[in-house]
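One point on numbering: in the numbering used here, the residue at position 205 of the sequence shown is 205, and numbering is uninterrupted. Beta carbons are placed, not taken as given, at the ideal position from N, Cα and C, and that holds for glycine. Shown next, in structure tokens, is the structure this report addresses.
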Amino acid sequence: MAQISKRGDSYTIRCYCGIDMDGKKIVKNMTWKPEIGMTPKQIEKEVNKQAVLFEEMCSKGIILDLNMTFGKYVNDIWLPRMQNSIKPTTFKRYTGMMKRILPAFGHMKISQIQPFHLYTFYDNLREEKREDTKCIPNDEAKRLSKSQTTAELSKKIGVSKSTIDCVRAGKTVSIETAKKYAEFFETDVTSLFELIEDTLSSRTILHHHRVLSTILQEAVFDEIIANNPCKRTRAPRVERKEANYLDDVQAEQLLECVIEKAEHPFDVIIPLILHTGMRRGEVCGLNWEDIDFENCTINICRSLLYLADKGVFENDTKTYSSRRVIKVGEDVIDMLADFRRWQNGKANELGEQWIDSGKIFTAWNGKPINPGTLSAWFYEFVRANNLPHISIHGLRHTCASIMISSGVPITTTAKRLGHSTSATTSKIYAHAFASADAATAQVIQSILPIRKKSELRAKQA
């Protein structure tokens, strides 16, 4: 039976777990501290309960180190393990969230984290300001960004070429970038950028909850704690936003404008996304070998990503289900064939300057295109041509919405988009189902009209 002894304002619970190979007793200890405000009777009841639970866990061999802190587990075990098992972009996002998670839980013993600690953390996050202050370039910043070539500014200011493109397009950049710009042009940050400080979004808070749950569940698998307190905690609520998309008329307007005014490779990329619903990284990651010109199919099996410390690099698709082969129309195949002939001519023209990466969409010299460059170009193109505001990812939503509202089965739509389940598709594109439902009502009415009695009598007469 576990022994309980009081030490100051806490209790030590000791359990004997047999004898080791040297004949020494195996003793395991845990410390339990009552919550503030508990009565002596409540303390006695709870400490006895903890002793019973601790003894049960010891007997099952599921307690390894009750004294391990959350911070030690994350830094010594969890993060090194994750670094070799998840995508670099996901790992970067996880390490970014540790800036808030570790100050709150790092000093605590992982076995002592309870739901009320988590709720307090979420409440604090709701009041916290974003670290990455949004900096929106004004007209002066955009003008200065066009005063020299992209390569020159990138080298002199100390930012990537895609960042220069973002400033030119008026897209949001980090405060670090804004400071470098201001320093180079010898002016104040506020004279070039509009600074916007926001609180953390509900979705960001939910992401922190999910990462915490992942960490604590891993500790359960490692038999360091018996259960995951996040599973006894209600996840932060998120207000679901409707996907941003274009209707049929707007999509056709955009398509015609791109074909008429955009240059290679953008006049091919945009129609391709609208027809296939591919993600930005997926379309940038396409190789020519992925196109089956004879059978009119595209094999989507990789993604192109960008990180500041790695540059542009290739990775797997977002999920296993994202690996897919989709059918496309002859118009798409003809468009790609024409573009391939143009690219071959460009390669011959550049000679040794051309780098054969095998990619369909490249930079001027054949190197893989930076996905950020595509987004920056599209933002500026939409603005310059007074088109409805939409992002590159919004084109994927547009493709999905058109498919669903046109009566394409949800399972087919989900497979084409690379969703793991049709439930994901249903959740994101509820608006399109409403449109499809309205069309269904009209179809049923046309087949089974409900006539008035007077009409039926007149017909019989």
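Apart from the 5 residues on each side of it in sequence, Ala2 sits with its Cβ closer than 7 Å to the Cβ of Ile13, Arg14, Cys15, Ala51, Phe54 and Glu55 in its chain, given in chain order. Within its own chain, the residues whose Cβ lies closer than 7 Å to the Cβ of Lys25, once the five positions on either side in sequence are excluded, are Tyr16 and Ile19, listed in chain order. Looking at the backbone, the Cα of His419 and that of Arg81 are separated by about 27 Å. With respect to the C-alpha of Met335, the residue from Gly8, Val268 and Thr214 having the closest C-alpha is Val268. Between Ala182 and Gly277, the C-beta spacing is not below 7 Å. Going by DSSP, Ser10 is part of the beta strand (DSSP E) stretching over Ser10 to Ile19. Assigned with DSSP and collapsed to three states, Asn29 falls in strand. Annotation for Phe313: Leu305 place their beta carbon closer than 7 Å to its own, counting only its chain and skipping 5 residues before and after. For Tyr245, the CB contacts under 7 Å within the same chain, skipping 5 residues up- and downstream, are Gly394, His397, Thr398 and Ser401 in chain order.
The beta carbon of Ser154 sits closer than 7 Å to those of Ser160, Lys161 and Ile164, all from its chain and outside the five residues before and after it, given in chain order.
Within its own chain, the residues whose Cβ lies closer than 6 Å to the Cβ of Val332, once the five positions on either side in sequence are excluded, are His275, listed in chain order. Checking the DSSP bridge columns, you'll see Lys6 partnered with Tyr11. Distance from the CA atom of Ile101 to the CA atom of Lys72, rounded to whole angstroms, is 13 Å. Taking C-alpha positions only, Asn124 is separated from Gln114 by approximately 16 Å. Within the DSSP bridge table, the entry for Asp292 names Thr297 as partners. Excluding its 5 nearest sequence neighbours in each direction, Ile355 has C-beta neighbours in its own chain below 7 Å: Asn365, Gly366 and Lys367, listed in chain order. Secondary structure note for Phe313: its beta strand (DSSP E) is the uninterrupted segment Gly311 to Asn315.
Under DSSP, Tyr306 takes part in a beta bridge, and its partners are Val312.
Look at the segment 247 to 277 and you find these whole runs of alpha helix (DSSP H), each 4 residues long or longer: 248 to 261 and 266 to 276.
Going by C-alpha positions, Asn299 is about 16 Å away from Ala337. Rounded to the nearest whole angstrom, the CA to CA distance from Glu252 to Arg340 is 24 Å.
Taking a contact to require three or more Cβ pairs closer than 8 Å, the segment 286 to 299 and the segment 309 to 329 qualify as touching. Annotated as proximal: Val173 and Cys135, with beta-carbon spacing under 7 Å. For Leu216, the number of other beta carbons within 10 angstroms of its own is at least 16, and it is reported as buried.
If you draw a 10 Å sphere on the C-beta of Ala384, you find fewer than 16 other C-beta atoms in it, and that means exposed.
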